[in-house]
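Single-structure report; data block below.
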Amino acid sequence: MLSDPEAYINKIQFSFIKKPKHKHPSDHPLHLKTSSFTFTATTTLILYISATASFPDRIQNLLEEMAVVASAPGKVLITGGYLILERPNAGLVLSTNARFYAIVKPLYDELRPHSWVWSWTDLKLTSPQMDRETMYKLSLTHFTLQCTSSETRNPFVEYAVQYAVAAAYATFDNNKKDLLRKLLLQGFDITILGDNDFYSYRNEIEARGLPLTPESLASLPPFTSITFNNQESNGQNSKPEVAKTGLGSSAAMTTAVVAALLNYLGVVDLSSYSGAEHQENLDVVHIIAQTAHCMAQGKVGSGFDVSSAVYGSHRYVRFSPQVISSAQNAIRAMPLEEVVSDVLKGKWDHERTKFSLPPLMNLLLGEPGTGGSSTPSMVGAVKNWQKTDPQKSLDTWKGLSEANATLETKFKLLSRLAEEHWETYRSVIYSCSMHQSEKWTEQASETISQEIVKALFGARDAMLNIRSHMKLMGMAAGIPIEPDSQTELLDATMNMCGVLLAGVPGAGGFDAVFAVTLGDSGSNLAKAWSSHNVLALLVREDPRGVSIEKSDPRTNQITSGISSVKIV
1 MLSDPEAYIN
11 KIQFSFIKKP
21 KHKHPSDHPL
31 HLKTSSFTFT
41 ATTTLILYIS
51 ATASFPDRIQ
61 NLLEEMAVVA
71 SAPGKVLITG
81 GYLILERPNA
91 GLVLSTNARF
101 YAIVKPLYDE
111 LRPHSWVWSW
121 TDLKLTSPQM
131 DRETMYKLSL
141 THFTLQCTSS
151 ETRNPFVEYA
161 VQYAVAAAYA
171 TFDNNKKDLL
181 RKLLLQGFDI
191 TILGDNDFYS
201 YRNEIEARGL
211 PLTPESLASL
221 PPFTSITFNN
231 QESNGQNSKP
241 EVAKTGLGSS
251 AAMTTAVVAA
261 LLNYLGVVDL
271 SSYSGAEHQE
281 NLDVVHIIAQ
291 TAHCMAQGKV
301 GSGFDVSSAV
311 YGSHRYVRFS
321 PQVISSAQNA
331 IRAMPLEEVV
341 SDVLKGKWDH
351 ERTKFSLPPL
361 MNLLLGEPGT
371 GGSSTPSMVG
381 AVKNWQKTDP
391 QKSLDTWKGL
401 SEANATLETK
411 FKLLSRLAEE
421 HWETYRSVIY
431 SCSMHQSEKW
441 TEQASETISQ
451 EIVKALFGAR
461 DAMLNIRSHM
471 KLMGMAAGIP
481 IEPDSQTELL
491 DATMNMCGVL
501 LAGVPGAGGF
511 DAVFAVTLGD
521 SGSNLAKAWS
531 SHNVLALLVR
541 EDPRGVSIEK
551 SDPRTNQITS
561 GISSVKIV
């Protein structure tokens, strides 16, 4: 036992916990790429915790300080639905202010006797919104997980843990692996939290007798308990277990868990937000998150949802599926550590270029309240249609691809016009925001303003063309990509003042619809939606990708709602 534990714990706090800012990965007390001094101090802290049971509160505070909190955003795919599954088709994906959080900290405040010879460590996964707590044993040899409780399992988190830990072993040399093992023996305590906008709370709002408005949604407590769909099934179009809004919760959750674990274990340092090293760290998070997400799904998807969760808003072209499918095959014959090493070294040929909505344009999402759709089953139906009617499907995809490209071109043109002629652009956008589209031409009297209005109509027509092809595809494949109820809602939406365009995001179906509004017209659209039993969500475009947060979001009451509930 140390002669003066109180003084020692203060020293540890001052030396490691109280540092004002980590300017370099080597400054981080848990970063396993650091000097031997840092390793020794971290190990001493763990050993000290083991020997000081008389300071439970102080020790718990230290463990809380060791926690890593990562967050990743949800997404809205405004173009590229279905086409994005195949290279070289592109999609425009917007990241949002709705974020998923993962909190990783040690499970135990001490290293128990004889733990050095253990080949397993413990993991506790908590999902407060679902009122679930699951315990696992993690093999430190094969990185497999055994569920030791009877609660429902979460494959996305499970694969995120396995692949993140394997990535640490694949990255570190033997000396660092020994220190990594000591950290792992303290176990993992992982908590996952999703902003309210990922889930449907219509039932909660109605149960409280509140109107279907953004203000009512904002009045709910942060991270409110999740609403579950009824259990009845409807064949291949059955609703998912949880009533969601289609923002990509599984991809955001997987990315947040991977980022938190990789940062906690010292594989990456995401505390800085610029430079080549930060980009390399993001790339590692992207590769591990993509691989874990695909393994959890049991298939190699397009990956746009994980990509936006890591990098934020952008134009995306998928990676070649072989880079992950080879790992799926190799896992049967190779240790996971070697598989992950190969995946990290693989040829990731996805394309990512910067994209955002033009200035003074805002994203608005509305939830019709039908509980969401099963994207995998809808994708499967489209693939079957491609096989049974290849010529018609090819023609439809060609037309859809051209319409997607046109919309992208018009957005780029509008962004350029805004940059080159800001005052005129601003005046035209605000004028058009107060009128229906049929009156927009009257707002332009000069050459530049006429060019801006022409570009607005070009974007609007392109989206109408996209919707037409998507609806035809759904009818041919026998699935509701743009159901009649959504068509009626979208047509009414596009006839509102200041609405540029509206559509069904991603794979379509009964998830939330989206609209792009001009200027301050979003608040009027939200009111109109409410009168048609559609709940306007508190989601807006936010270009920020995966990030390390300063604290537990429940402490700061971080919400998906915005500092103000005003929709613009």
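Residue numbers in the sequence shown follow full-length UniProt numbering, run continuously in steps of one, and reach 568 at the last position. Ideal placement from N, C-alpha and C gives every residue a C-beta, glycine not left out. Model, not experiment: these values are computed from the prediction.
Under the three-state DSSP convention, the category residue i falls into
i, result
"Met496", "coil"
"Trp422", "helix"
"Leu77", "strand"
"Lys105", "strand"
"Leu535", "strand"
"Ala444", "coil"
"Ala98", "strand"
"Val546", "coil"
"Val300", "coil"
"Gly380", "helix"
"Gly522", "helix"
"Ser320", "coil"
"Gly346", "coil"
"Gly399", "helix"
"Met334", "coil"
"Leu456", "helix"
"Lys389", "Just to set this straight, residue 389 is Asp in the shown sequence, not Lys. Three-state result, Asp389: coil."
Bridge-paired residues (DSSP) for residue i
i, result
"Arg132", "Ser127"
"Cys147", "Tyr136"
"His314", "Val93 and Lys354"
"Asn362", "Thr517"
"Thr121", "Leu138"
"Phe510", "DSSP lists no partner for Phe510."
"Thr191", "Ile103 and Thr126"
"Ala70", "Ala102 and Ile548"
"Ala502", "Ala515"
"Glu367", "Leu535"
"Glu541", "Thr96"
Inter-residue spacing [alpha-carbon to alpha-carbon] between residue i and residue j
i, j, result
"Thr245", "Leu365", "9 Å"
"Pro73", "Asp195", "10 Å"
"Glu367", "Ala512", "4 Å"
"Asp327", "Val157", "The identity of residue 327 in the sequence shown is Ala, whereas the question assumes Asp. Between Ala327 and Val157, the C-alpha separation is close to 18 Å."
"Leu247", "Val258", "19 Å"
"Phe223", "Glu133", "16 Å"
"Asp173", "Leu92", "40 Å"
"Gly301", "Trp120", "32 Å"
"Val310", "Ser71", "9 Å"
"Glu215", "Glu206", "13 Å"
"residue 572", "Ile448", "Residue 572 lies beyond the range of the chain shown here (1 to 568); nothing can be said about it."
"Gly303", "Asp461", "28 Å"
"Glu451", "Val339", "54 Å"
"Gln486", "Phe510", "8 Å"
"Val379", "Leu111", "48 Å"
"Arg58", "Leu107", "Note on Arg58: pLDDT 44, under 50, position unreliable in the model; the coordinate value appears next. Rounded to whole angstroms, Arg58 to Leu107 spans 16 Å at the Cα level."
"Pro480", "Ala381", "11 Å"
"Arg467", "Ala102", "36 Å"
"Ala418", "Leu407", "17 Å"
"Ala458", "Lys410", "Inspection of the sequence shows that residue 458 is occupied by Gly rather than by Ala. Each residue's Cα considered, the two are about 6 Å apart."
"Thr493", "Asn533", "13 Å"
"Ser127", "Leu94", "26 Å"
"Tyr430", "Asp520", "8 Å"
"Ser313", "Ser307", "9 Å"
"Ala98", "Ala477", "32 Å"
"Met334", "Gly369", "46 Å"
"Ile287", "Val343", "7 Å"
"Thr44", "Pro358", "Caution applies to Thr44, whose pLDDT of 41 falls short of 50 and renders its modelled position unreliable; the value that the coordinates give is listed next. Cα to Cα, Thr44 sits roughly 53 Å from Pro358."
"Gly81", "Glu280", "29 Å"
"Phe337", "Tyr169", "In the sequence under discussion, the amino acid at residue 337 is Glu, which differs from the Phe named in the question. Distance between the alpha carbons of Glu337 and Tyr169 is about 6 Å."
"Val268", "Thr144", "22 Å"
"Gly503", "Lys75", "15 Å"
"Ala166", "Arg352", "27 Å"
"Val546", "Leu261", "13 Å"
"Thr548", "Asp122", "One point to set straight first is that residue 548 is Ile, not Thr, in the sequence displayed. Approximately 24 Å between the Cα atoms of the pair."
"Val285", "Thr375", "24 Å"
Contact belief for residue i with residue j at Cβ below 8 Å, rounded distance in angstroms
i, j, result
"Met253", "Tyr159", "Contact doesn't hold; Cβ gap of about 11 Å is too wide."
"Lys471", "Glu482", "4 Å"
"Lys105", "Ala67", "4 Å"
"Leu538", "Leu217", "6 Å"
"Lys347", "Val323", "6 Å"
Within-7 Å CB hit, residue i to chain C
i, result
"Leu145", "In summary, chain C is missing from the structure at hand, where a single protein chain is found."
Which ranges would you report for the alpha helix (DSSP H) in the region 197-283 if only whole runs of at least 4 residues count?
Segments of the alpha helix (DSSP H) lying fully in the region 197-283: 202-207, 214-218 and 249-265.
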